[in-house]
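Step one of this worksheet: look at the structure below.
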Amino acid sequence: MPINYTTDQTICATCGTQYPVGSVLPRLCLICNDERQYIGDNGQMWTSLATLAKDRTIRFSQISDQLYDLRITPAFAIGQRAFLILSESGNVLWDCLPYLDEPTIAFIRAKGGLKAIVISHPHYYSLMAEWARIFDCPVYIHQNDAVWVQNLLQPSNSGTESGRHFGMVW
Ligand SMILES: [Zn+2]
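In this text, residue positions in the sequence shown follow this note's numbering: the first is -11, and each later residue adds one.
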């Protein structure tokens, strides 16, 4: 299953949140327009996964035998980091990045893939839909933050493709 390197400008360049490809975008990113974030100095800017793929990679830093720190380089959005946690019962990605590439997929697959993505708060929702699709795993978020989800995800047990990728924890 290849990455959808879409040229659609649906990724907020300030916070990295991806909106659904082909959707009508809001005038201002809903995440950035919240009082806890900000609209960029040049106003609302959008980018695409295809644009990011021109010069971005993901750097893995090993913290321990079972823990890696993942960051986009050069930095993008708000400098999100994610943790890859290796476990015999299944690997977990803690938080998410607004970018994904083939070397990253190959690295994680070589470690056994992902059993789940768990996201601490909406600044990390970023590209979670694409990560979940590529690794065919659920995303767990806090139910009180569900209002901030811009892409992916219908409530679980709907029996749909996207329904398999959504969970809420509290
Ligand atoms: Zn934004």
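Note that the Cβ used here is the ideal one computed from N, Cα and C, for glycine as well.
**Message:** Quick check on this structure: which residue in Tyr(-7), Thr45, His130 has the alpha carbon closest to the alpha carbon of Ala63?
**Reply:** Ranking the options by Cα distance to Ala63, first place goes to Thr45.
**Leu16 burial status per 10 Å Cβ neighbour count (16 or more: buried)** = Leu16 is exposed by the Cβ-count criterion.
**Prompt:** In three-state terms, what does DSSP make of Val106?
**Reply:** DSSP places Val106 in strand when its eight states are reduced to three.
**Request:** For ligand 1, list every residue whose C-beta falls under 6 Å from any of its heavy atoms, going in chain order.
**Result:** Ordered by chain, the residues meeting the criterion of a beta-carbon within less than 6 Å of a non-hydrogen atom of ligand 1 are Cys0, Thr2, Cys3, Thr5, Cys17, Ile19, Cys20.
**Request:** May I have the straight-line CA-CA distance separating Lys42 from Ala120, to the nearest angstrom?
**Result:** So the alpha carbons of these two residues sit roughly 22 Å apart.
**Prompt:** Shortest alpha-carbon distance to Leu37 belongs to which of Thr5, Cys125, Val106?
**Reply:** Here the closest residue by C-alpha is Thr5.
**Prompt:** alpha helix (DSSP H) containing Thr39: first to last residue?
**Reply:** 37 to 40 is the span of the alpha helix (DSSP H), which, as asked, contains Thr39.
**Prompt:** Hey, would you say Cys84 sits closer than 8 Å to Tyr113, going by beta carbons?
**Reply:** If you check the CB distance, Cys84 and Tyr113 come in under 8 Å.
**Asked** Leaving out five residues before and five after Ile66 in sequence, what residues of the same chain have Cβ atoms less than 7 Å from its Cβ?
**Response** The residues are Cys3, Gly4, His111.
**Message:** For Pro91, count the other beta carbons within 10 Å of its own beta carbon; 16 or more makes it buried, fewer makes it exposed. Which is it?
**Reply:** It is exposed - the Cβ of Pro91 has fewer than 16 other Cβ atoms within 10 Å.
**Message:** With H, G and I counted as helix, E and B as strand and the rest as coil, what does DSSP make of Ala70?
**Reply:** If DSSP states are grouped into helix, strand and coil, Ala70 belongs with the strands.
**Message:** Within 10 Å of its beta-carbon, does Val12 have 16 or more other beta-carbons around it, so buried, or fewer, so exposed?
**Reply:** In summary, Val12 is exposed, with fewer than 16 beta-carbon neighbours lying within 10 Å of its beta-carbon over all protein chains present.
**Asked** Under the rule that 16 or more other beta-carbon atoms within 10 Å means buried, what is Tyr26, buried or exposed?
**Response** Under a 10 Å Cβ-count criterion, Tyr26 is classified as exposed, with fewer than 16 other Cβ atoms of the shown protein chains found around its own Cβ.
**Request:** Return the first residue and the last residue of the beta strand (DSSP E) that Arg47 is part of.
**Result:** For Arg47, the uninterrupted beta strand (DSSP E) run begins and ends at 45 to 52, by DSSP.
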